[in-house]
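I have placed the structure first, in the form of structure tokens, so that the comments after it can refer back to it.
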Amino acid sequence: MKNVTLIGDVTIYDNVTIGAGSVIYGPAILGQPPRGKEAGELALTIGVDAVIRPFTTIYAGNVIGDCFQTGQGTSIREDNTIGNHVSVGTHAILEYENRIGDHSRIHSGCFLEMVTLGRYVFVGPHTVFTDDPHPMNCPKWKECGGGAIVEDLVKIGANCTFLPTVKIGRGALIGAGSVIVSDIPEQMVAAGNPARVIKPVKELSCRIGAYERVYSWPPYEDDNS
Amino acid sequence: MKNVTLIGDVTIYDNVTIGAGSVIYGPAILGQPPRGKEAGELALTIGVDAVIRPFTTIYAGNVIGDCFQTGQGTSIREDNTIGNHVSVGTHAILEYENRIGDHSRIHSGCFLEMVTLGRYVFVGPHTVFTDDPHPMNCPKWKECGGGAIVEDLVKIGANCTFLPTVKIGRGALIGAGSVIVSDIPEQMVAAGNPARVIKPVKELSCRIGAYERVYSWPPYEDDNS
Amino acid sequence: MKNVTLIGDVTIYDNVTIGAGSVIYGPAILGQPPRGKEAGELALTIGVDAVIRPFTTIYAGNVIGDCFQTGQGTSIREDNTIGNHVSVGTHAILEYENRIGDHSRIHSGCFLEMVTLGRYVFVGPHTVFTDDPHPMNCPKWKECGGGAIVEDLVKIGANCTFLPTVKIGRGALIGAGSVIVSDIPEQMVAAGNPARVIKPVKELSCRIGAYERVYSWPPYEDDNS
Numbered sequence: 217m218k219n220v221t222l223i224g225d226v227t228i229y230d231n232v233t234i235g236a237g238s239v240i241y242g243p244a245i246l247g248q249p250p251r252g253k254e255a256g257e258l259a260l261t262i263g264v265d266a267v268i269r270p271f272t273t274i275y276a277g278n279v280i281g282d283c284f285q286t287g288q289g290t291s292i293r294e295d296n297t298i299g300n301h302v303s304v305g306t307h308a309i310l311e312y313e314n315r316i317g318d319h320s321r322i323h324s325g326c327f328l329e330m331v332t333l334g335r336y337v338f339v340g341p342h343t344v345f346t347d348d349p350h351p352m353n354c355p356k357w358k359e360c361g362g363g364a365i366v367e368d369l370v371k372i373g374a375n376c377t378f379l380p381t382v383k384i385g386r387g388a389l390i391g392a393g394s395v396i397v398s399d400i401p402e403q404m405v406a407a408g409n410p411a412r413v414i415k416p417v418k419e420l421s422c423r424i425g426a427y428e429r430v431y432s433w434p435p436y437e438d439d440n441s
Numbered sequence: 217m218k219n220v221t222l223i224g225d226v227t228i229y230d231n232v233t234i235g236a237g238s239v240i241y242g243p244a245i246l247g248q249p250p251r252g253k254e255a256g257e258l259a260l261t262i263g264v265d266a267v268i269r270p271f272t273t274i275y276a277g278n279v280i281g282d283c284f285q286t287g288q289g290t291s292i293r294e295d296n297t298i299g300n301h302v303s304v305g306t307h308a309i310l311e312y313e314n315r316i317g318d319h320s321r322i323h324s325g326c327f328l329e330m331v332t333l334g335r336y337v338f339v340g341p342h343t344v345f346t347d348d349p350h351p352m353n354c355p356k357w358k359e360c361g362g363g364a365i366v367e368d369l370v371k372i373g374a375n376c377t378f379l380p381t382v383k384i385g386r387g388a389l390i391g392a393g394s395v396i397v398s399d400i401p402e403q404m405v406a407a408g409n410p411a412r413v414i415k416p417v418k419e420l421s422c423r424i425g426a427y428e429r430v431y432s433w434p435p436y437e438d439d440n441s
Numbered sequence: 217m218k219n220v221t222l223i224g225d226v227t228i229y230d231n232v233t234i235g236a237g238s239v240i241y242g243p244a245i246l247g248q249p250p251r252g253k254e255a256g257e258l259a260l261t262i263g264v265d266a267v268i269r270p271f272t273t274i275y276a277g278n279v280i281g282d283c284f285q286t287g288q289g290t291s292i293r294e295d296n297t298i299g300n301h302v303s304v305g306t307h308a309i310l311e312y313e314n315r316i317g318d319h320s321r322i323h324s325g326c327f328l329e330m331v332t333l334g335r336y337v338f339v340g341p342h343t344v345f346t347d348d349p350h351p352m353n354c355p356k357w358k359e360c361g362g363g364a365i366v367e368d369l370v371k372i373g374a375n376c377t378f379l380p381t382v383k384i385g386r387g388a389l390i391g392a393g394s395v396i397v398s399d400i401p402e403q404m405v406a407a408g409n410p411a412r413v414i415k416p417v418k419e420l421s422c423r424i425g426a427y428e429r430v431y432s433w434p435p436y437e438d439d440n441s
């Protein structure tokens, strides 16, 4: 790999491609074979200008865009598709089959499986997404389960819990500590256990009076003008 | 150790036994000495056909059965007894004195201390068990505290919090995001903060109509027929 | 460094000072350069008698006192000030600008950013502190946000979530699984989502009748006599 900086003990399996300008801090493992696959059997592609921090594991079988960042101890299993300018925080876990849009930020300690995130989604630390309504071993779970669908510009507070298959509409805000058991409409604030819709995001006030309306800054301003 | 495959930098202290057919991905540390013990002073025994994934630490002073699996970054301290066919997920933490029955699955990011799990227990990601009602330093805490007792075939959703010494009856289902402050009877669904009993597991409906009754599949079918 | 024991593969960058009597278990990284800084540009100082466990990362730009302990996989970013006799548990994350008082214990899997903890604070496992009321990208967030302020002798249960800038008064007890959205007065018990004040700590009873009043033991006894 040209113009990739490896610092410390970085394990790179065969069939891994990393874009120019990337920095990988070891110990880290790129291209770990998933269960039932040989080393090098599946490809791992990471775009340019990645920063991979120590103790990260990324399995083979993933396609990751440019300007990707991980924290310490990030774990990414197979069959994920990750856009450009995405960060996945310290100890965050992507299990399989997540689709992560450009510019989305998955904070420290999150857990995602079969989740679809749009663009510019913020996921606060320790938020957990589930995908199976009736664990474990339901023979039909793939037909009834699956992770949440989160549209563009959604902001999710810390330590939330999402039940399978819920849909979070564009621009919604989910309060910290919420348990989301049903769909949340776009541009609404929801919070609580179970989460209930409280008011439109447009009616949130700025604590310090600096803005007439919150989220009037980029990238949210077109929806909140 | 015969027929054990070590991949990468695996540290194995003296007095560690690993069964045939096991695969250990480094960096990993097996037999880490607990506080106050010398390296090799306590034994660590792991059965046949284990898969230990990178960044795992397992302390000396544990007995672990056959077909054990860890995710990335699993941490297991001393004085645990773990049955056969158990998996402990990525970044999950077993502190000391847990008893884990056969076929139980502890998902990513869980935390257990002094917990007893029966057989075929499912613990969803990021679930936390506590063991001390009044931290810290109570001189009598060992007499009054201790972790939950979870009977066979219980299924626990993601990001739950268990107070010390609660008992969860056989086959119960705990909804995601619940805070469990009191005992839950067998075969009941409980959810919320604080968790309240909602209805029998038998009255849960299959979302897609594939089953007349959920949990009519193995290993649950005898309790739900 | 004199009288520092390194076990396994420990990476120590330039400009790192570790006190005598310390034990560091590798793999571990001490002095990791923060974004935009060169290796060795910022100092990391750790006092005497530290125990740093495997898979820990501590960035440059921190000042840490004596008798410091980490669990496995602890991650500590820059600009933290940590007192003496502090422990930070397995997979716990200190982001930047935390101030941690002497004798405080941050348990496994916690997440803190811009938090001030007093002395003898107990933070239960998986507790998360937030610092930005309206993520992400608010140009004024540093003027309106910031982490919680937690006074001396506070005890915080497992899996709690703190909203930005809340203040927790001396000696308060926060029940496990709580979401703290407003200030909690000193010496009070609060719990729930959202957390509400329930009663004075002095009115908590000992489950087993061993004490007339809980927290009558050190270091709490002067406040509860």
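As given, the protein sequences belong to chains W, S and E, one line each in that order.
Going by the numbering used here, the first residue of the first sequence is number 217, and it counts up by one from there.
Going by the numbering used here, the first residue of the second sequence is number 217, and it counts up by one from there.
Going by the numbering used here, the first residue of the third sequence is number 217, and it counts up by one from there.
No residue lacks a Cβ here, since even glycine has one placed at the ideal position from N, Cα and C.
Inset, instruction - Hey, could you find the ends of the alpha helix (DSSP H) W/K358 is sitting in? - result: W357 to C360
Legend entry - Any C-beta of chain W under 9 Å from that of E/H342: yes
Legend entry - Residues of its chain near S/Y427, where Cβ-Cβ distance is below 6 Å and the 5 sequence neighbours each way are ignored: none
Inset, instruction - Name, going along the chain, the residues of the region 260-279 of chain S whose beta-carbon falls closer than 8 Å to a beta-carbon of chain A. - result: No chain A appears in this structure, whose protein chains are W, S and E.
Legend entry - Below-9 Å beta-carbon distance, S/V395 vs any chain E residue: yes
Inset, instruction - Check whether the Cβ atoms of W/H323 and S/V430 lie closer than 9 Å to each other. - result: no
Inset, instruction - Report the residues of the region 278-312 of chain E with a CB closer than 8 Å to any CB of chain S, ordered along the chain. - result: G287, Q288, G289, T306 and H307
Inset, instruction - Would you tell me roughly how many angstroms separate the C-alpha atoms of W/N296 and W/P355, rounded to the nearest one? - result: 23 Å
Inset, instruction - Alpha carbon to alpha carbon, how far is E/Q403 from W/K415? Give it in angstroms, no decimals. - result: 34 Å
Inset, instruction - Output, in sequence order along the chain, the residues in the region 340-371 of chain W whose CB is closer than 7 Å to any CB in chain E. - result: G340, P341, H342 and K371
Inset, instruction - Report the residue from W/S398, W/A244 and W/G277 whose alpha carbon sits nearest the alpha carbon of W/F345. - result: W/S398
Legend entry - Residue(s) in a DSSP beta bridge with S/I316: S/I298 and S/L333
Inset, instruction - In the DSSP assignment, find the unbroken beta strand (DSSP E) run with E/V279 in it and report its ends. - result: N278 to I280
Legend entry - Inter-stretch contact (C-beta, 8 Å, three-pair minimum) for the region 233-244 of chain E and the region 271-278 of chain E: yes
Inset, instruction - Assign S/T425 to buried or exposed, taking buried as 16 or more other Cβ atoms, counted over all protein chains shown, within 10 Å of its Cβ. - result: This sequence places Gly at residue 425 of chain S; Thr is not what is there. S/G425 comes out exposed.
Legend entry - Under the three-state DSSP convention, the category E/K253 falls into: coil
Inset, instruction - Work out the CA separation of S/C283 and S/V339 for me, nearest whole Å. - result: 18 Å
Inset, instruction - Decide if E/D230 is buried, meaning its Cβ has at least 16 other Cβ atoms within 10 Å, or exposed. - result: exposed
Inset, instruction - Report buried or exposed for W/E294, applying the criterion of at least 16 other Cβ atoms within 10 angstroms of its Cβ. - result: buried
Legend entry - Same chain, Cβ closer than 8 Å to S/D318, five either side skipped, listed in chain order: G281, G299, N300, H301, V302, R335 and Y336
Legend entry - Unbroken stretches of the beta strand (DSSP E), 3 residues or longer, contained in the region 218-249 of chain E: 221-223, 226-228, 232-234, 239-241 and 244-248
Inset, instruction - Would you check if the distance between the CB atom of E/I479 and the CB atom of E/L328 is smaller than 9 Å? - result: Beyond the ends of chain E as shown, which are 217 and 441, falls residue 479 of chain E; an answer cannot be given.
Inset, instruction - Give a yes or no on whether the minimum CB-CB distance between S/R412 and chain W is below 9 Å. - result: no
Legend entry - Beta carbon of W/S394 nearer than 9 Å to that of W/G408: yes
Inset, instruction - Determine whether the Cβ of W/G373 lies closer than 9 Å to any Cβ atom of chain S. - result: no
Legend entry - Boundaries (first-last residue) of the beta strand (DSSP E) holding E/L260: L260 to I262
Inset, instruction - Return yes when the Cβ of S/G237 is within less than 9 Å of the Cβ of W/H307, no when it is not. - result: no
Legend entry - Simplified DSSP assignment, three categories, for E/V366: strand
Legend entry - Any chain S beta carbon closer than 9 Å to E/V430: yes
Legend entry - Residues of the region 398-410 of chain W whose Cβ lies closer than 7 Å to any Cβ of chain S, in chain order: N409
Legend entry - Closest by C-alpha distance to E/A392, when choosing among E/E257, E/R321 and E/P341: E/P341
Inset, instruction - Specify, as a first and last residue, the run of the beta strand (DSSP E) that S/V413 falls within. - result: R412 to P416
Legend entry - Contact set for E/I365: own chain, Cβ-Cβ below 6 Å, skip 5 residues either direction: T332 and K383
Legend entry - Residues from the region 314-343 of chain S in contact with chain W, defined by Cβ distance under 7 Å: R321, S324, G325, F338, G340, P341 and H342
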